[in-house]
Amino acid sequence: MSGTRHPLRPAVTAFLHRLAPRTLRGRLSLVALTTAALLMLVLTVAFNAVVQHRLQHQADDELRTRAAAVATTIDTSRRTVRVLDTPNDALLDANVWIYAGRRLLEEPPNAGSLTRVADALAGRGGRQCVTTDVDGPLRLCSQPVSADRSGARVVTALDLSPYRSSAATLLLGSLALDVMMLACTYALTRLAVGRALRPVRTMTDQATQWSAVASEERFGHTRHPAELARLGTSLDALLDRIRTLLRHERQLTGELSHELRTPLSRITAELDWWRTHPRTADQTHATHQVIAEAAQSMRTICDTLLDHARDGTLTAPGTAEVLPTLRRLAEALDASHHLTVAADSPTLTAGVPPALLERIVSPLVTNACRYARSKVAVRAYRAPDGVRIDVIDDGPGVPPPFTGQLFEPGRRADPGDGHSGAGLGLPLARRLARSAGGEVAYDPGHTPGARFVVSLPAG
Numbered sequence: 090m091s092g093t094r095h096p097l098r099p100a101v102t103a104f105l106h107r108l109a110p111r112t113l114r115g116r117l118s119l120v121a122l123t124t125a126a127l128l129m130l131v132l133t134v135a136f137n138a139v140v141q142h143r144l145q146h147q148a149d150d151e152l153r154t155r156a157a158a159v160a161t162t163i164d165t166s167r168r169t170v171r172v173l174d175t176p177n178d179a180l181l182d183a184n185v186w187i188y189a190g191r192r193l194l195e196e197p198p199n200a201g202s203l204t205r206v207a208d209a210l211a212g213r214g215g216r217q218c219v220t221t222d223v224d225g226p227l228r229l230c231s232q233p234v235s236a237d238r239s240g241a242r243v244v245t246a247l248d249l250s251p252y253r254s255s256a257a258t259l260l261l262g263s264l265a266l267d268v269m270m271l272a273c274t275y276a277l278t279r280l281a282v283g284r285a286l287r288p289v290r291t292m293t294d295q296a297t298q299w300s301a302v303a304s305e306e307r308f309g310h311t312r313h314p315a316e317l318a319r320l321g322t323s324l325d326a327l328l329d330r331i332r333t334l335l336r337h338e339r340q341l342t343g344e345l346s347h348e349l350r351t352p353l354s355r356i357t358a359e360l361d362w363w364r365t366h367p368r369t370a371d372q373t374h375a376t377h378q379v380i381a382e383a384a385q386s387m388r389t390i391c392d393t394l395l396d397h398a399r400d401g402t403l404t405a406p407g408t409a410e411v412l413p414t415l416r417r418l419a420e421a422l423d424a425s426h427h428l429t430v431a432a433d434s435p436t437l438t439a440g441v442p443p444a445l446l447e448r449i450v451s452p453l454v455t456n457a458c459r460y461a462r463s464k465v466a467v468r469a470y471r472a473p474d475g476v477r478i479d480v481i482d483d484g485p486g487v488p489p490p491f492t493g494q495l496f497e498p499g500r501r502a503d504p505g506d507g508h509s510g511a512g513l514g515l516p517l518a519r520r521l522a523r524s525a526g527g528e529v530a531y532d533p534g535h536t537p538g539a540r541f542v543v544s545l546p547a548g
């Protein structure tokens with residue numbers, strides 16, 4: 090049936106797959122070897138065909154030369170064709186048949202069945218040649234003696250064994266040369282492909298090393314052939330994407346640890362106090378409440394940052410009442426300085442979710458409480474294009490040379506100022522505000538202290 094698969098076909102296919110080289114070098118070498126073998130096969134067949142034709146042509150020339158020599162001993166000037174006796178005529182008569190029309194005048198001794206072949210060839214007329222294997226490989230040619238009407242004809246025979254021996258020797262020689270050429274082709278192809286692929290292996294090792302350590306090195310700085318240059322460009326783009334992903338991963342990890350530090354510190358402090366001091370049931374309940382609020386805050390922080398990290402945009406828009414949100418934030422920070430929160434309207438709303446509003450303002454208030462001498466003020470008010478929130482402290486402010494690097498991740502004006510911090514809060518606040526269509530800016534004209542302005546769309 091036409092739809093029935095042969096049971097051996099999958100096995101044969103699997104066997105051929107196992108025989109196929111596993112490496113690109115081996116496959117290219119096999120392709121080159123196969124192509125060279127086919128080309129040499131065609132050339133060998135064509136060469137030996139030409140040799141066979143040439144040897145046969147030489148044999149025919151020798152037969153015609155002998156026939157012309159024998160024709161000089163035949164007298165056709167009379168009505169009867171006669172064969173003249175000449176010195177050394179035994180050499181001329183070897184393998185020679187002389188005919189007058191259909192009548193055989195002379196034949197070699199012990200010709201036997203070969204005479205029948207000569208008779209048939211002479212009967213065809215004209216110049217004819219034939220190859221026969223009677224008593225060995227022989228070539229016979231028939232040639233008329235003259236253009237008169239005597240019908241005299243000479244048939245000569247030649248042993249082809251030496252010619253065939255020469256042809257066989259040439260065939261074996263060409264086959265041996267083919268084998269040597271194929272071996273050289275395979276070896277040279279493997280060597281050339283190996284040298285050509287050496288830069289690819291080097292580039293692969295370099296790409297693996299550079300991607301592991303997030304190196305700044307790239308392949309575009311090195312001269313390569315056109316094909317490898319395109320490969321290098323693709324690898325450079327891949328390395329750039331890996332570096333970007335690693336940078337985003339480090340940034341997200343740092344931001345999560347930065348934002349989770351405050352609620353985690355509250356949980357740790359409550360647990361330490363609860364373990365070291367006996368408490369009443371009401372105090373224990375209050376401790377549980379604080380821990381639950383801190384845990385919920387950690388969950389909100391994780392959800393907010395992870396949602397933003399997915400695509401960098403605000404995926405769940407909403408509105409937040411600004412004043413209650415700022416007050417909850419102030420209570421959660423438990424600031425040691427005098428912290429005031431105010432708004433020009435109790436119903437002021439921002440066009441962002443409450444959790445995102447907390448994450449935007451929290452790093453600013455935390456920094457203000459960290460560097461303020463005595464007081465921190467947070468004030469929200471309505472602006473023509475949305476909502477503004479000012480965070481002001483009476484601390485030393487930001488050094489003017491550092492204002493250009495203020496919102497760069499991991500940068501601090503004075504890492505040895507005795508305050509904790511990783512330099513991630515301000516960049517996070519600005520990035521989250523921009524994801525919601527807002528902005529976080531520093532007011533360099535405010536003195537003394539520092540003033541940060543949060544701009545958000547109105548709710």
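Sequential numbering of the sequence shown, starting at 90, is according to my numbering. From the three backbone atoms N, C-alpha and C, an ideal C-beta is built for every residue, glycine too. None of the values given here were measured: they were computed from a predicted structure.
If I measure Cβ to Cβ from residue i and keep anything under 6 Å in the same chain, skipping five residues before and after, which residues do I get?
i       : result
Leu-403 : Because the pLDDT at Leu-403 is just 49, under 50, the model does not fix this residue reliably, and the point stays unresolved.
Val-529 : Ala-518, Arg-519, Ala-522 and Val-543
Asn-556 : The structure shown does not extend to residue 556, since the chain spans only 90 to 548, so no value can be given for it.
Leu-259 : Val-140
Thr-369 : none
Thr-376 : Glu-359 and Trp-363
Tyr-531 : Leu-495 and Phe-541
Which first and last residues belong to the beta strand (DSSP E) in which residue i is found?
i       : result
Arg-242 : 241 to 248
Thr-551 : In the structure displayed, the chain extends from 90 to 548; residue 551 sits before or after that span and is not available.
Gly-475 : 475 to 482
Ala-200 : Where Ala-200 is concerned, there is no enclosing beta strand (DSSP E), given that its DSSP letter is neither H nor E.
Leu-428 : 427 to 432
Ala-525 : Taken as a continuous stretch (DSSP letters only), Ala-525 belongs to no beta strand (DSSP E), as it is neither H nor E.
Can you name the residues that DSSP bridges to residue i?
i       : result
His-142 : In the DSSP output, where bridge partners are listed per residue, His-142 has none listed.
Pro-233 : Arg-242
Arg-171 : Asp-164
Ala-530 : Val-542
Ile-380 : Looking at the DSSP assignment, Ile-380 forms no beta bridge with any residue, so it has no partner.
Ala-466 : Thr-429 and Ile-481
Thr-221 : Leu-227
Trp-186 : Val-244
Ala-439 : Ala-409 and Ala-547
Leu-360 : None, per the DSSP bridge assignment.
Ala-472 : Gly-475
Leu-193 : Tyr-188
What does the Cβ neighbour count give for residue i, buried or exposed, with the cut at 16 atoms within 10 Å?
i       : result
Glu-497 : exposed
Phe-308 : buried
Met-269 : exposed
Phe-491 : exposed
Leu-130 : exposed
Gly-534 : exposed
Ser-323 : exposed
Thr-414 : buried
Leu-261 : exposed
Arg-330 : exposed
Just to confirm my understanding: we take residue i, look at its own chain, exclude 5 residues before and 5 after, and list those with CB closer than 7 Å. What are they?
i       : result
Ala-148 : Arg-228, Leu-247, Leu-249 and Tyr-252
Ala-461 : His-426, Asp-482, Asp-483 and Gly-484
Leu-210 : Gln-217, Val-219, Leu-229, Ser-231 and Val-244
Arg-471 : Asp-433, Ser-434 and Leu-437
Gly-514 : His-347, Pro-452, Thr-455 and Asn-456
Ala-296 : Leu-324 and Leu-328
Val-223 : Ser-202, Leu-203 and Val-206
Leu-144 : Tyr-252, Ser-255 and Ala-256
Pro-537 : Asp-483 and Gly-486
Counting only the same chain and skipping the five closest in sequence on each side, list residues whose C-beta sits under 8 Å from that of residue i.
i       : result
Ser-91  : Any answer about Ser-91 is weak, because its pLDDT of 49 lies below 50 and its placement is not dependable; what the coordinates show is given next. None.
Ile-163 : Val-170, Arg-171, Val-172, Leu-173, Ile-187, Val-234, Ala-241 and Val-243
Thr-357 : none
Take residue i as the anchor and find which of the options has the nearest alpha-carbon.
i       : options                               : result
Thr-455 : Val-480, Pro-435 and Ala-431          : Val-480
Ser-166 : Arg-417, Val-134 and Ala-189          : Ala-189
Thr-124 : Thr-278, Ala-421, Arg-468 and Val-450 : Thr-278
Ser-254 : Gly-225, Thr-274, Val-185 and Ala-431 : Gly-225
Leu-119 : Thr-429, Glu-420, Thr-274 and Gly-475 : Thr-274
Arg-477 : Arg-143, Gln-494, Glu-410 and Lys-464 : Glu-410
Ala-431 : Val-441, Ala-419 and Pro-442          : Ala-419
Pro-282 : Leu-122, Asp-474 and Pro-443          : One point to set straight first is that residue 282 is Val, not Pro, in the sequence displayed. That would be Leu-122, whose Cα lies nearest to the Cα of Val-282.
Ala-126 : Pro-546, Leu-271 and Arg-111          : Leu-271
Pro-442 : Ala-547, Ala-539, Arg-468 and Arg-500 : Ala-547
Leu-446 : Gly-486, Arg-417 and Thr-365          : Arg-417
Leu-280 : Gly-527, Pro-489, Leu-117 and Met-292 : Leu-117
How would you write the range of the alpha helix (DSSP H) that residue i sits in, first residue to last?
i       : result
Ala-457 : 443 to 460
Just checking: is the beta-carbon of residue i within a distance shorter than 8 Å of some beta-carbon in chain D?
i       : result
Pro-488 : The chain inventory of the structure shown lacks chain D, comprising one protein chain alone.
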